[in-house]
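Enquirer: Position 164 of the sequence shown, counted from 1, bears residue number 164 in full-length UniProt numbering, the numbering being contiguous throughout.
Quick reminder that beta carbons are idealized off the backbone N, C-alpha and C, glycines included.
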Amino acid sequence: MGIVPYFDKYTGQYPVSYTDIHYDVPETTFELSGTVARSVEARIVYPTEDAYAEHTSQWLPEPARKYTAGLAGLLGNGILSHLLASRVSPLNIVGRLVKMPMGADCPLRRHDKPWPVVVFSHGLCGNKSSYSYYTCSIASHGYIVIVPEHKDGSAPISREVVGEDLWVPFRSVREVDDDTRRFRVGQLEHRIFEISQLVSYLKHGNVPSITKSTADLGHIAYAGHSFGAATVMAMRKGIGNLIAIENRLRNNWDKRRSSASLGHRREIVSPLEPNSPEINATDLSPRLSYNEMPPLTPLVQPSLESVNDDSDSSLDDELESLPGPAMAPQVKTGRVVSWRDPVNMSAIIALDPWMFPVSEALTVEMDVSVLCIISEQFEVWETNFTDVKECMAANSNDTFLYKYVQSAHHSQSDFGVLFPNIMRAMYKTGNKRPEEQKILEANILSSAEFLDSYVQGIPPAKDGFLMASREPHWIQIYRH
1 MGIVPYFDKY TGQYPVSYTD IHYDVPETTF ELSGTVARSV EARIVYPTED
51 AYAEHTSQWL PEPARKYTAG LAGLLGNGIL SHLLASRVSP LNIVGRLVKM
101 PMGADCPLRR HDKPWPVVVF SHGLCGNKSS YSYYTCSIAS HGYIVIVPEH
151 KDGSAPISRE VVGEDLWVPF RSVREVDDDT RRFRVGQLEH RIFEISQLVS
201 YLKHGNVPSI TKSTADLGHI AYAGHSFGAA TVMAMRKGIG NLIAIENRLR
251 NNWDKRRSSA SLGHRREIVS PLEPNSPEIN ATDLSPRLSY NEMPPLTPLV
301 QPSLESVNDD SDSSLDDELE SLPGPAMAPQ VKTGRVVSWR DPVNMSAIIA
351 LDPWMFPVSE ALTVEMDVSV LCIISEQFEV WETNFTDVKE CMAANSNDTF
401 LYKYVQSAHH SQSDFGVLFP NIMRAMYKTG NKRPEEQKIL EANILSSAEF
451 LDSYVQGIPP AKDGFLMASR EPHWIQIYRH
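(1) May I have the straight-line CA-CA distance separating I348 from D105, to the nearest angstrom?
(2) Rounded to whole angstroms, what's the CA-CA distance from D24 to E194? Just pull it up for me.
(3) Is it buried or exposed, P208, if we count other Cβ atoms within 10 angstroms and call 16 or more buried?
(4) Going by beta carbon distance, what residues of the same chain come within less than 6 Å of G224, once the five residues before and after it are set aside?
(5) From R191, M467 and I93, pick the residue whose C-alpha is nearest to that of E41; which is it?
(6) So within the stretch 381 to 466, which uninterrupted alpha helix (DSSP H) runs reach at least 4 residues, ignoring any that extend past its ends?
(7) In or out: S213 buried (at least 16 other Cβ within 10 Å) or exposed?
(8) Taking the alpha-carbon positions, what's the V368 to V98 distance?
(9) For D152, which three-state DSSP category applies?
(10) Buried or exposed: which applies to H457, given that a residue is buried once 16 or more other Cβ atoms fall within 10 Å of its Cβ?
(11) Can you find the residues in the same chain that come closer than 6 Å, C-beta to C-beta, to S453, ignoring five residues on each side of it along the sequence?
(12) For A229, which of helix, strand or coil comes out of DSSP?
(13) In the DSSP assignment, what are the bridge partners of F120?
(14) Following the continuous alpha helix (DSSP H) through I477, name the residue where it begins and the one where it ends.
(15) Note down the Cα distance separating I16 from A215, rounded to an integer number of angstroms.
(16) Going by the CB atoms, is the gap between E160 and R43 shorter than 8 Å?
(17) Three or more beta-carbon pairs under 8 Å between the stretch 393 to 402 and the stretch 357 to 377, yes or no?
(18) Which residues bound the beta strand (DSSP E) around Y52?
(19) Measuring CA to CA, which of V145, T363, A448 and Q377 is closest to S226?
(20) Nearest by alpha-carbon distance to E62: which of T11, H55 and I157 is it?
(21) Do the stretch 45 to 52 and the stretch 137 to 147 make contact, defined as three or more Cβ pairs closer than 8 Å?
(22) Is Y131 closer than 8 Å to S447 when the C-beta atoms are compared?
(23) Under a Cβ-count criterion, where at least 16 other Cβ atoms within 10 Å of its own Cβ denotes burial, should R109 be classed as buried or exposed?
(24) Between S154 and Q187, is the Cβ-Cβ spacing less than 8 Å?
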């Protein structure tokens, strides 16, 4: 790789283009801990005609400096963060020079039937361009991919209102307590409302090239990474299953808050966020280590060791994994949104799902086919992986759980293929040198095969990733 990182050719047969949409929602207000977001934004990636195959586009969205400043801000408020956020920083310069092999606003490719549709939800510290290679490759296999940029405080930075210099910053939450749980469920509600608004927006023909004759909006697959995977699973499980218990437990909240044994604990931070200064390697449980390749971020599990023996253990167990009352964004739509109604979900792809936000609904039936791809570093996060397996086992439809050996949490995003050395340094992968391009392509090809089979009805190949892969590092953990 040269001085300027680059993307390889996408894995599918079609050239790709994108268009960005961003529209205000004047009747809707999201209230999120003092932050108000009043718009919905997404990148739509789609197959285009062969004449546009040589077009390229800038990886970072505009204004690029705002986005580089947002990314730099994830490192904290130190000197390095300020240097990287400057106009002449390497991050700002290189970020502008990285090109994606796709056009901008090119015509949708002509097709004899409507293109199938995938919605992709980004994780913490991600945005609409952080998973460009994955989403563009899926589009190159013959899909229209909709990538919301969530304005719930999970993106490094996101524009609040169309045409105004107002921005939603990243919300860093490093505690695990009742407020944190309500905050995360609030973010889930925010994200799901955004997605349902986008689907409705497209169904009403607001994007000229995306119509009933060109896009199959009646059968949509939903995919996501980390918090994004939790988002799409929560959509199918029903957000009500995450918050229905609130009223029953509301009167017990004071008891929980006054319990010195539980107190404030550090949050299980998403590994896309760099190492927190409050969390260091000495906090790691031995079971989380993996030779020279520990989890990307030290993942600290809540401990109940000091709970009083005479405490109500059953109640504490319930409270441990449940959201609290009323910190969700208040969606002022005049009605209670039924999340299953507008989204037309036909399948789910969950990349490294972060189970903390949906831990109360692990055994709730999703009732669609699911492909879950876990990184090896998330596999050794024992508590999260146990929840993943329980969630997959509860699904009665066809369910696949795979991992790629030596893969990392960032291996499913652009950061691994663009900045492999930086990611290894930031997340302490030691002497292990994951083959980032190969890992990401395995994720993509298995996802495309799954979508072909469960969205379009095309049987998987006998030597494909879902049946009998010839790739020795691709390992089936669970299937039914």
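Expert: Quick answer:
(1) In the sequence shown, counting from the first residue as 1, residue 348 sits at position 348. In the sequence shown, counting from the first residue as 1, residue 105 sits at position 105. Just so you know, the alpha carbons of I348 and D105 end up roughly 28 Å apart.
(2) If you number the sequence shown from 1, residue 24 lands on position 24. If you number the sequence shown from 1, residue 194 lands on position 194. So the two alpha carbons sit approximately 11 Å from each other.
(3) Mapped onto the sequence shown, residue 208 falls at position 208. In summary, P208 is exposed, with fewer than 16 beta-carbon neighbours lying within 10 Å of its beta-carbon over all protein chains present.
(4) The count along the sequence shown starts at 1 and reaches residue 224 at position 224. Within its own chain, the residues whose Cβ lies closer than 6 Å to the Cβ of G224, once the five positions on either side in sequence are excluded, are S121, T231 and V232, listed in chain order.
(5) To locate residue 41, count along the sequence shown from 1; it is residue 41. Nearest of R191, M467 and I93 to E41, Cα basis: R191.
(6) The qualifying runs are 382 to 393, 414 to 418, 420 to 427 and 436 to 455.
(7) Here residue 213 corresponds to residue number 213 of the sequence shown, with the count starting at 1. Exposed, since its Cβ has fewer than 16 Cβ neighbours within 10 Å.
(8) Position 368 of the sequence shown holds residue 368. Position 98 of the sequence shown holds residue 98. Each residue's alpha carbon lies about 37 Å from the other.
(9) Taking the sequence shown and counting its residues from 1, one reaches residue 152 at position 152. Looking at D152 - three-state DSSP - the assignment turns out to be coil, as it is neither helix nor strand.
(10) Indexing the sequence shown from 1 puts residue 457 at position 457. Looking at the sequence itself, residue 457 is Gly, so the reference to His does not match. When all chains shown are included, G457 counts as exposed.
(11) Working through the sequence shown from its first residue, we reach residue 453 at position 453. The answer, listed in chain order, is P460.
(12) By 1-based counting over the sequence shown, the position of residue 229 is 229. In the structure shown, the three-state DSSP call for A229 is helix.
(13) Here residue 120 corresponds to residue number 120 of the sequence shown, with the count starting at 1. A223.
(14) As a working mapping, residue 477 is identified with position 477 in the sequence shown. For I477, there is no enclosing alpha helix (DSSP H); the enclosing beta strand (DSSP E) covers residues W474 to R479.
(15) By one-based count along the sequence shown, residue 16 stands at place 16. By one-based count along the sequence shown, residue 215 stands at place 215. Going by the sequence as given, residue 16 is Val instead of Ile. Those two C-alpha atoms are separated by around 15 Å.
(16) Mapped onto the sequence shown, residue 43 falls at position 43. Mapped onto the sequence shown, residue 160 falls at position 160. For the 8 Å CB-CB criterion, R43 and E160 do not form a contact.
(17) Flag = yes, the stretch 393 to 402 and the stretch 357 to 377 touch.
(18) Numbered from 1 along the sequence shown, position 52 holds the residue referred to as residue 52. The continuous stretches of beta strand (DSSP E) do not include Y52, and DSSP gives it neither H nor E.
(19) For the purposes of this step, residue 226 is taken as residue 226 along the sequence shown, with counting starting at 1. Distances from the CA of S226 to each of V145, T363, A448 and Q377 were compared; the closest alpha carbon is that of Q377.
(20) Position 62 of the sequence shown holds residue 62. When T11, H55 and I157 are compared, the shortest CA-CA separation from E62 is found for I157.
(21) Between the stretch 45 to 52 and the stretch 137 to 147, the count of C-beta pairs closer than 8 Å reaches three or more; the two stretches touch.
(22) Along the sequence shown, one-based indexing puts residue 447 at 447. Along the sequence shown, one-based indexing puts residue 131 at 131. Cβ distance not < 8 Å, so S447 and Y131 don't count as in contact.
(23) Numbered from its first residue, the sequence shown carries residue 109 at position 109. Answer is buried; the Cβ neighbour count reaches 16.
(24) The count along the sequence shown starts at 1 and reaches residue 154 at position 154. The count along the sequence shown starts at 1 and reaches residue 187 at position 187. Annotated as proximal: S154 and Q187, with beta-carbon spacing under 8 Å.
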